[in-house]
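Novice:
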Amino acid sequence: MQRSLNNELRSSMVRGGRMMDNEIAEEALECVMSYVNDPRDRSVVSQVCKQWYRIDALTRKHVTVAFCYTIRPADLTRRFKRLESLKLKGKPRAYMFNLISEDWGAYARPWITEISSSCLCLKSLHLRRMVVKDDDLTMLV
Numbered sequence: 001m002q003r004s005l006n007n008e009l010r011s012s013m014v015r016g017g018r019m020m021d022n023e024i025a026e027e028a029l030e031c032v033m034s035y036v037n038d039p040r041d042r043s044v045v046s047q048v049c050k051q052w053y054r055i056d057a058l059t060r061k062h063v064t065v066a067f068c069y070t071i072r073p074a075d076l077t078r079r080f081k082r083l084e085s086l087k088l089k090g091k092p093r094a095y096m097f098n099l100i101s102e103d104w105g106a107y108a109r110p111w112i113t114e115i116s117s118s119c120l121c122l123k124s125l126h127l128r129r130m131v132v133k134d135d136d137l138t139m140l141v
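So for the sequence shown, full-length UniProt numbering puts the first residue at 1; every next one is plus one.
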């Protein structure tokens, strides 16, 4: 029974004298991905398989990093080479209520150093609760 099912599947995959590939053509997948805009949906879609992960990395234009220490800047720019906007959140909200010290961290320098050299398509950078110095801004210009 299993053998005949496998033969049927194989014969249904052959069309026009050539074997049909199980993978969706990358061009078609890129078109579909352009309609998936919600960040949570994009995250789920990128976990389907390696091909979808790769296409998500190539087509995602907007990324929000909820906590700047969850990923290294180089890892983010290596995966998302065509970013147009990036939102980085630094210190936890507890900082706004003076529940953590002033020198806690969340320095923007490592991010800005990486972004200025790797994100050539970047149009928008939103830094929230991060320590930004004048030299960092000069590096962006």
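A virtual CB, placed ideally from N, CA and C, is assigned to each residue, including glycine.
Computed from a prediction, not measured in an experiment: that's the story for all the values here.
Pick out the complete alpha helix (DSSP H) segments inside the region 38-101, 4 residues or longer, and give them in chain order.
Specialist: The region 38-101 contains these whole alpha helix (DSSP H) runs: 39-45, 50-59 and 73-79.
Novice: To the nearest angstrom, how far is it from the Cα of aspartate 134 to the Cα of aspartate 38?
Specialist: Going by the C-alpha atoms only, they are around 34 angstroms apart.
Novice: Report the three-state DSSP secondary structure of arginine 109 (helix, strand or coil).
Specialist: DSSP places arginine 109 in helix when its eight states are reduced to three.
Novice: Tell me, to the nearest whole angstrom, how far the beta carbon of tryptophan 52 is from that of leucine 29; I am working on the premise that it is less than 8 angstroms.
Specialist: Right, their Cβ atoms sit about 7 angstroms apart.
Novice: Do glycine 90 and alanine 74 count as a contact pair if the criterion is CB distance below 8 angstroms?
Specialist: No; because the gap between Cβ atoms is not below 8 angstroms, this pair is not in contact.
Novice: Taking contact to mean at least 3 C-beta pairs separated by less than 8 angstroms, is the region 85-103 in contact with the region 40-55?
Specialist: At 8 angstroms Cβ cutoff, the stretches do not touch.
Novice: Hey, quick one: how far does the alpha helix (DSSP H) through leucine 137 stretch, first residue to last?
Specialist: That run of the alpha helix (DSSP H) goes 134-140.
Novice: So, with DSSP's three-state summary, where would you put valine 131?
Specialist: Strand.
Novice: Taking the alpha helix (DSSP H) that alanine 28 falls in, what are its first and last residues?
Specialist: Element bounds for alanine 28: 26-33.
Novice: Given valine 36, which residues of its chain have a CB within under 8 angstroms of its CB, disregarding the five upstream and five downstream residues?
Specialist: Excluding sequence neighbours, valine 36 sits near Arg42 and Val45.
Novice: Closest by CA to threonine 70, which one among Cys121, Glu102, Trp111 and Cys119?
Specialist: Answer by Cα proximity: Trp111.
Novice: When the Cα atoms are used, what is the spatial distance from alanine 66 to glutamate 26?
Specialist: Roughly 30 angstroms separates the two Cα atoms.
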